[in-house]
Amino acid sequence: MTFTGVAVFASGILLIALAIVPEVNRRLREDTLRLGAMRLPWGLHYCWIVVAILAVVQVLATSISMAAGILLPPLTDPGGDFGWSIGTIGAGIATYYLVGALFAPISGALGDRYGARRMMLAGGILYGASMVLLGFVSNLWQFFIVYGCMLAVTQSISMVPLMASISGWFRRRLGMGTGILWAAGGIGTAILAPFMGFLLEEAGWQATFWSIGIFGGCIIMILTTLLRNHPSDIGLKPYGATSADPPPAPRNLDLERVRTKVFNQHIRRTRAFWNLPTIHGLGCAGHGLVLVYSIPFAVEQGMTLTSAAVILTIVSLVSIVSRLTTPMLAEYYGTRKIMATCLFVQGATVFILFWAQDLWAFYLFAALFGLGFGGEWTGYLVINRQYFGNGPMGSCYGWQMTGALMGHAVTTVIGGLLIYLTGSYEMMLALSIVFSFGGVVVIMLLESTSRVLIPDWELSLPPEARSAPVRAASAAD
Amino acid sequence: MKSVPLPISFFVVVIVTLALIVFFGAWAASADLEERNRALSFGVPGGVSFEAKGSSDGEEPLGIREAFAASNGNFESDSSWWGKSFLKACPFH
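Residue numbers (our numbering), protein chains in the order written: chain P, 7 to 483; chain G, -3 to 89.
In structure tokens:
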């Protein structure tokens, strides 16, 4: 009953939010004009403020998927309020990944259409409402609706269009921008995970998710006032832009719709468009299996739960190094080589687990695996730029996130089935290696990143929608 | 306009992954059923014992597929909907 009441209340808030959209739009425009007149100290480009905002959003959004592991003990505790089976919760988590995978391209397309700022506002409202509702969950169907559907949509909105928007802020050094973004997200996640566990133990289920929902939702909505969709919104050029670069594309809702449609038509005709989500899926399936089952495997090998939990801490901390450096190296040495190396390291280090008997072997595995894992998935924004140039990237990145989340969903299902069938972890580990090495093979099939695959896509646009209008003389060439 | 390249690697990965899910899912469902049949052969009530049914006529014990066919799809008490789907879809189980 309480849940229904809060659900009705949250729906009312959402309706009010929708009703005041014109007012919100007016306020957003006024904020933009005010910010445009402001100059940052020390000549700091506004792109770094955007990176900082998105890092905070990323930490909060990641806390949703991260919550899955932390939720297991209270949800499965037979003496607690829930007492659900691991299989049932696994189905809820698989639903979360599936819904997220299905919604990722939609949220990417919405981001291309309405801009990152409005998506962030929607994400903030949904984040607060969903987390508060999670605190009220008492039945299984409520868990499936709130965690499996609402939070999946929230994470999709918070991750896909917002992270894809970073591309427009950098003409050069996109690798550095995304590297800092992912690394900051990794540090935040490493801090937030134990904090959430602490809150659940000390404050209980409801207080934890109410406080996270209200605090996180408010932070996201406050940061919305500082985020801008494009540098041109505040009269700036992208970071690293020179006078030789083409001027920004015209900003008009109808023209942007045409640009997005034509751009997506062009990228769908490239092999890379299909191969990149495939690689992301294989990579995520490879590390998803290990991240989920490495702790129970270590416990089965005789480690204590506390020392086994350190494995994930080491993976998270070491991955910060490769999260930071991979996009930068990818920009200088080519993303294919770097991604293939990271994915190979991710797969090859799993072999250590077949012989691991002592704690040091598990920690060695965690350190090496973390290097591969952190670098395997952080190069996509860079490779998108290298392959597809400066077009609206939300939908494209959304499909790649679909691949990633499907990889996790498959992992949840197959990993559980394999352990159930064989009663051991060896087959699961072997499958993880197969997935990672499969990803390396598909990377080998990618085109070279030395040239843009669709350099002439804007020629299919009406002249007024092009970022660099074609002069009559050029058009006649 | 360039012709559309066939994303072979994409389709290969999708098909292999689906095949793996169906294979392991059917394996899990059949393992469940065998476990149940073994339990039933020791006299535990609560469902149809396909193994016992086959043996009582002096025939070979029924396999999973034959058992499924013999039940006329009436598997509610023995197998979940996903187990039935996997068994129907997998050619090896």
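Beta carbons are placed, not taken as given, at the ideal position from N, Cα and C, and that holds for glycine.
Small disclaimer: the values here were computed from a predicted structure and weren't measured.
Using a cut-off of 8 Å between C-beta atoms, extract the partners of G444 (chain P) located in chain G.
Within chain G, the residues near G444 (chain P) are V9.
Whose C-alpha, out of P:E208, P:Y426, P:G134, P:F303, is nearest the C-alpha of A367 (chain P)?
Checked all of P:E208, P:Y426, P:G134, P:F303; the closest Cα to A367 (chain P) is P:F303.
Would L107 (chain P) and M412 (chain P) qualify as a contact pair, given that the criterion is a beta-carbon distance under 8 Å?
The question names Leu, but residue 107 (chain P) in the sequence shown is Ala. Cβ atoms of A107 (chain P) and M412 (chain P): closer than 8 Å.
Touching or not, the segment 281 to 290 of chain P and the segment 404 to 424 of chain P, by the rule of three or more beta carbon pairs under 8 Å?
Yes, the segment 281 to 290 of chain P is in contact with the segment 404 to 424 of chain P.
What are the residues that DSSP puts in a beta bridge with F176 (chain P)?
P:Y245.
Return the first residue and the last residue of the alpha helix (DSSP H) that M334 (chain P) is part of.
Element bounds for M334 (chain P): 311 to 339.
Quick one, are the C-beta atoms of L370 (chain P) and I449 (chain P) less than 8 Å apart?
The answer is no: Cβ separation not under 8 Å.
Would you mind telling me which residues of chain P sit closer than 7 Å to G21 (chain G), beta carbon to beta carbon, in chain order?
Near G21 (chain G) (Cβ distances below 7 Å), the residues of chain P are L423.
Would a check of beta-carbon distances place R277 (chain P) closer than 8 Å to chain G?
Answer yes: the Cβ-Cβ gap between R277 (chain P) and chain G drops below 8 Å somewhere.
I'd like to check one pair, L146 (chain P) with W54 (chain P): are the Cβ atoms closer than 8 Å?
It is not a contact, given that the beta carbons lie outside the stated cut-off.
When you compare only the Cα positions, how much space is there between G444 (chain P) and I240 (chain P)?
One C-alpha to the other measures close to 44 Å.
Do T266 (chain P) and D118 (chain P) come within 8 Å of each other at the CB atom, strictly closer than that value?
A contact, by the Cβ cut-off of 8 Å.
Between T184 (chain P) and T384 (chain P), how many whole angstroms is the CB-CB distance? I'm expecting something under 8 Å.
Indeed, because the Cβ distance is near 7 Å, the residues count as touching under 8 Å.
Please name the residue, chosen from P:Y245, P:A314, P:T428, P:G93, that lies closest to W175 (chain P) on a Cα-to-Cα basis.
Nearest C-alpha to W175 (chain P): P:Y245.
Report the CB separation of A278 (chain P) from E453 (chain P) in whole angstroms; it is logged as a contact under 8 Å.
So it is a contact: roughly 6 Å between Cβ atoms.
Can a CB atom of chain G be found closer than 8 Å to the CB of Y426 (chain P)?
Taking Cβ atoms only, chain G reaches closer than 8 Å to Y426 (chain P), which makes this a yes.
Whole angstroms is fine: what's the gap from M309 (chain P)'s alpha carbon to Y393 (chain P)'s?
Computed Cα separation, rounded: 46 Å.
Here's the rule: buried if 16 or more other CB atoms are within 10 angstroms of the residue's CB, otherwise exposed. What is P3 (chain G)?
It counts as buried.
Near T417 (chain P), what residues of its chain come up, given a Cβ to Cβ distance below 6 Å and the 5 sequence neighbours on each side ignored?
A291, G294, L295.
Name the chain G residues whose beta carbon is nearer than 7 Å to that of T284 (chain P)?
By Cβ distance, chain G contributes S5, F6, V9.
Under 8 Å, do G210 (chain P) and G134 (chain P) count as touching if we go by C-beta distance?
In this structure, G134 (chain P) does not lie closer than 8 Å to G210 (chain P) by Cβ.
Count the other C-beta atoms from every protein chain shown that fall within 10 angstroms of the C-beta of R457 (chain P), then say buried if there are 16 or more, exposed otherwise.
R457 (chain P) should be labelled exposed.
Sorted by chain position, which residues of the same chain lie with C-beta nearer than 6 Å to L261 (chain P)'s C-beta, five sequence neighbours on each side aside?
The answer, listed in chain order, is A471.
Looking only at C-alpha atoms, which of P:I95, P:M137, P:T284 sits nearest to C224 (chain P)?
Per the Cα distances, P:M137.
Does any C-beta atom of chain P lie closer than 8 Å to the C-beta of L83 (chain G)?
Taking Cβ atoms only, chain P never reaches closer than 8 Å to L83 (chain G), which makes this a no.
Note down the Cα distance separating F19 (chain G) from F201 (chain P), rounded to an integer number of angstroms.
Taking the straight line from one Cα to the other gives about 40 Å.
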